[in-house]
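Protein chains: 2
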Amino acid sequence: MRISSTIRRAAQVNGNGLATDYLDRQQTWSEFASRIARLAGGLRGIGLAPGDRIAMLALNSDRYLEYFFAVPWAGGVFVPINTRLAPPEILYWLNDSGATTLLIDDNFAPLLPKLQGQMDTVKTIVHVGDGAAPEGMLSFEGLIDGVEEMPPIDKGGHELAGLFYTGGTTGRSKGVMLSHRNLLLNAIQFAGVAGFRADTNYLHAAPMFHLANGAATFCIASMAGTSTIITAFEPIATLEAMQNKRVSLVLLVPTMVNMVVNHPEAGNYDLSSLQDVLYGASPMPEAVINKAMEVIPNAGFHQAYGQTEAGPVLTMLGPERHVTDGPLAGKMKSAGQAIPGVEVCIVDEDDNEMPPDTVGEICGRGENVMLGYWNQTEMSAETLRNGWLHTGDGGRMDEDGFVYVVDRVKDMIISGGENVYSAEVENAIYQHPGVAECAVIGIPHEKWGEQVHAIVRLKEGEAVDEGQIIGHCHEVIANYKCPRSVEFHPEPLPLSGAGKILKTELRKPYWEGEEKQVH
Amino acid sequence: MRISSTIRRAAQVNGNGLATDYLDRQQTWSEFASRIARLAGGLRGIGLAPGDRIAMLALNSDRYLEYFFAVPWAGGVFVPINTRLAPPEILYWLNDSGATTLLIDDNFAPLLPKLQGQMDTVKTIVHVGDGAAPEGMLSFEGLIDGVEEMPPIDKGGHELAGLFYTGGTTGRSKGVMLSHRNLLLNAIQFAGVAGFRADTNYLHAAPMFHLANGAATFCIASMAGTSTIITAFEPIATLEAMQNKRVSLVLLVPTMVNMVVNHPEAGNYDLSSLQDVLYGASPMPEAVINKAMEVIPNAGFHQAYGQTEAGPVLTMLGPERHVTDGPLAGKMKSAGQAIPGVEVCIVDEDDNEMPPDTVGEICGRGENVMLGYWNQTEMSAETLRNGWLHTGDGGRMDEDGFVYVVDRVKDMIISGGENVYSAEVENAIYQHPGVAECAVIGIPHEKWGEQVHAIVRLKEGEAVDEGQIIGHCHEVIANYKCPRSVEFHPEPLPLSGAGKILKTELRKPYWEGEEKQVH
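Top line first, the protein sequences correspond to chains H and X. For the first sequence, counting from 1, position 379 maps to 379 in the numbering used here; every step adds exactly one. The number in the numbering used here is simply the position in the second sequence, starting from 1, with 1000 added.
Here's what the structure looks like:
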């Protein structure tokens, strides 16, 4: 399996079909493949050698997709960079990966002065934009214009295709090494069950640097479908693109789904072209998924669960299980079952498989699982011990093979010796009609170790106090899980570049000078 | 990717679902997985060592599927044997593969006296049937009853899973080495586009030893669906199973489709449960596919093209292209386009890629392509040269990436220096309303090298003579392609075990003492 073969096949079977649609630019698969082959030639021309890491810091565009496909075509390794990082974090990713080239768009070029002089390995900076490149940078279009199409470099299978740095919301970022096979196999495993077809029009609304959208990028290329692109997620831009471009499939993280379906204008858009909505990458509050199914009633909802290290998809809950009545009901709180070609199990601390309905660590196996962490031999061996990817997520599996993610292990709160899963508490709080957004964290407590603390943003015009939130929780979850304190947050909660609520940020003021133990 | 993982996942996600339905026996995926794990233990108990080849000579049954999954579970290599072989051919397969164990059912046990004493490597014979095993044989059920489930042997990926000997209709049989990844990847690549889902009820009507049905075996296991089984193909048994078992998907080779849809009683069966019909493995006459779409109007038809060496699927023509009107019409004569994850191209004798619409050799690439031929290093290198599988099939590709198989290169007739593709002549003859079956071969001719010769079986009650057949051909194809002689065959034409017309048999009387040149 080779990324270049995927592109060649797509151009062969759908050469005249629309490959990308962004702003006022559209290109067929033949045109797209030609630009990719020329960009690969252009990158070789400026010195890319097989195995070189090529980083990109940019918002979504057709050029971002060209980068994803041209770099492995030329034998290189892509390193997409989280768009929310601060300069020191960007520098860490660039220097840790040893990137030789950085592609950067106009949104991020202003950061360059803060990077220059501290990039140990970057020799070339490419300006991803229109018009002449600023001084000291090469022009992206200049790497394509007048360049010959190059034949793809003979790399594929288990060879490294990309480094995806993990979230970076806690601890030190690690570069997840994904091979051609990891990415393409997971795309084919997932595409067939998630609704990707040759006639799919996929909306890139989630950020391209993140592997949630990256997975869809390889799915849509594997099926030779269409990529409709918006520069960045924003509810109205998403609704407009879905309506005006007749989008048939979209992947959104839960916070984005929330912002779209609860937007006051959501009802004014014609979303009838949507056949499938994928969501995942963090827990989805029940109230939000119910609202989404109400606003987009014709679409099939698919919840995907996984992580970058899994390339990324491990399990899926399909549309037939997004029901509250009938024999297939009762599984909506789960993240679904292992997708074809993937094995999932739950283990205890000694890697013994757990009986059904018992919480342990979720593990996955399959040729979609990463090669390891870049330059982190020990951590790779630990994470991949016994041939299984240890996700670090707590979960259980029921008798029918449905996986319930109880929490990121690092988001688990230990209070008075009891494990409290923040997602469960958040689900309870979301059921309160006045709540727009919430996050539950552990804060230091002298006696219990940690105390369950809720941060809540209310819907406009709602007036709810701490006692009401806590009282509501006591009605739906066990006492020990209920928040002891509630903080009201008037602004939207801080999000990571991937759209996850940044609990690290929320925890910071409470833990300064203290160390939260990661279990 | 491991075959054992596929079974474990299926039992996890659909443990209470029906796995197999054969005669009066039904078993859930949990029960099926348990029998497989115990049979694996039983095989180890009688001495199977990792890498050992285990042969099976039997008609279709649930036990055949248990064999397919238990052998790799135990670390062995399956060698399914063509049920139409004569004893010397069986001996060649057994001895060439070095099989240590032979599983044989009651249909073939009577052949044993003709094999015994000449099997160089077979030490153990297992009786696949009910009741006590005949003398000198072990009982299949005895390898399961009371045996502990064994954990699967840690083999997968590129490691050898099975040897499938090719057709054997021409030349010496060769053992195609297929790895776990070859089989499982091709199954996932194909299942997603061919209609296999978790709720699919697949009918095993084609013979299990052949990889056309074998592909469906791995597809249905990958999706954790149901296998409904009939012992052997026969039109009424197939119609009955499709109706009574509410079959949703079936794979048939074209001769079987012909026998089913043209059966006088076909109209008496309720075939409304059929959602997808797959056909392939040899050319499908237009008249037959048109009739099939008339008899089973609700099903989507999928033509698959490939060969054992490709694991086996390379291209597919989907239901949306099985139309004679509208913008998608006009491709029904093609074998479709490369399936996701597979590359296809057409090359000349020097491996240069051919321009569109030019006939050359069809080549394929992808991780579904075989490891090579068993003990045939030179032939493997030749067939897989430049990283591409050379299929030996002549074909062309149009501007839209649709592949047209003009002929097996070995079935091509060279007459007066012109290439005549027998499939094209057969298509012309099938358009004559009096024709039930036909085959076109080359027979020796002093002046032209070969002469185009047709063998025709007429429908009952029809009276058509040689001149009428030839005259009909002159109306639809070029003169040089028309048969010069027609032979009427009152009996059904001889079929291979896979249901292909045995042209080798038909050619024999003409070529005795002469050598047909294989191009």
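Cβ coordinates follow ideal geometry from the N, Cα and C atoms, glycine included. Quick caveat: nothing in here was measured; it's all calculated off a predicted structure.
Per DSSP, which one or two residues make a beta bridge with residue i?
i, result
"H/Y279", "H/L252, H/Q303"
"X/T1358", "Per DSSP, none; premise fails for X/T1358."
"H/P72", "Paired residue(s): none; H/P72 is not in a bridge."
"X/L1138", "X/V1126"
"H/H453", "H/I441, H/S485"
"X/R1025", "X/Y1022"
"H/G162", "H/F78, H/L178"
"H/I501", "H/L495"
"X/D1105", "X/V1128"
"H/L458", "H/V435"
"H/V323", "Note: H/V323 sits in no beta bridge, so no partner."
"H/R365", "H/E343"
"H/E353", "H/V347"
"H/A338", "H/T315"
"H/N419", "H/I414"
"H/Y373", "H/V176"
With residue i and residue j assumed to form a contact (beta carbons below 8 Å), what rounded beta-carbon distance in angstroms separates them?
i, j, result
"H/A194", "H/L102", "So it is not a contact: roughly 33 Å between Cβ atoms."
"X/G1364", "X/V1342", "6 Å"
"H/M150", "H/A74", "7 Å"
"X/T1238", "X/I1230", "7 Å"
"H/I525", "H/L65", "Residue 525 of chain H lies beyond the stretch modelled for chain H, which goes from 1 to 519, so this question has no answer here."
"H/G497", "H/F209", "7 Å"
"X/G1225", "X/N1201", "7 Å"
"H/P494", "H/E487", "No, H/P494 and H/E487 are not in contact; Cβ-Cβ is about 14 Å, not under 8 Å."
"X/E1361", "X/T1391", "7 Å"
"H/P433", "H/V452", "22 Å between Cβ atoms; not a contact."
"X/A1463", "X/I1429", "16 Å between Cβ atoms; not a contact."
"H/L143", "H/L371", "Between H/L371 and H/L143 the Cβ distance is about 28 Å, and since that is not below 8 Å, they are no contact."
Going by other Cβ atoms of all chains shown within 10 Å of its Cβ, with 16 needed for buried, is residue i buried or exposed?
i, result
"X/Q1468", "exposed"
"H/L317", "buried"
"H/L23", "exposed"
"H/A132", "exposed"
"H/Y165", "buried"
"H/I36", "buried"
"X/T1083", "buried"
"X/N1016", "exposed"
"X/N1213", "buried"
"H/I580", "Given that chain H is displayed from residue 1 to residue 519, the structure contains no residue 580 of chain H and the question cannot be resolved."
"H/D62", "buried"
"X/L1059", "buried"
"H/P340", "buried"
"X/L1183", "buried"
"X/P1207", "buried"
"H/A329", "exposed"
"X/G1168", "Its pLDDT being 45, under 50, X/G1168 is placed unreliably by the model, and the measurement read from it follows with that caveat. Label assigned to X/G1168: buried."
"X/H1472", "buried"
"H/I584", "With chain H covering only 1 through 519, there is no way to say anything about residue 584 of chain H."
"H/Q303", "buried"
"X/D1393", "buried"
"H/N368", "buried"
"X/H1322", "buried"
Applying a beta-carbon distance threshold of less than 7 Å, which residues of chain A neighbour residue i?
i, result
"X/P1072", "Structure shown: chain A not included; protein chains present are H and X."
**OP:** Scan the segment 1189–1275 of chain X and note each continuous beta strand (DSSP E) run of 3 residues or more that stays entirely inside, going in chain order.
**Re:** 1201–1204, 1226–1229, 1249–1252
Original post:
What residue ranges within the segment 1388–1417 of chain X form continuous beta strand (DSSP E) runs of no fewer than 3 residues, ordered along the chain?
Top reply: 1389–1397, 1403–1408, 1412–1415
Original post:
Can you find at least 3 beta carbon pairs, one from the segment 76–91 of chain H and one from the segment 40–52 of chain H, that sit closer than 8 Å?
Top reply: yes
**OP:** Give a yes or no on contact between the segment 1370–1380 of chain X and the segment 1390–1408 of chain X, applying the rule of three or more CB pairs nearer than 8 Å.
**Re:** no
Subject >> In chain order, each beta strand (DSSP E) run of at least 3 residues that lies wholly inside the segment 27–57 of chain H >> reply: 53–57
Original post:
Using 8 Å as the Cβ pair cut-off and three pairs as the minimum, do the segment 1326–1343 of chain X and the segment 1260–1277 of chain X touch?
Top reply: no
Subject >> Cβ contact check for the segment 1379–1396 of chain X and the segment 1436–1445 of chain X: 3 or more pairs under 8 Å >> reply: no
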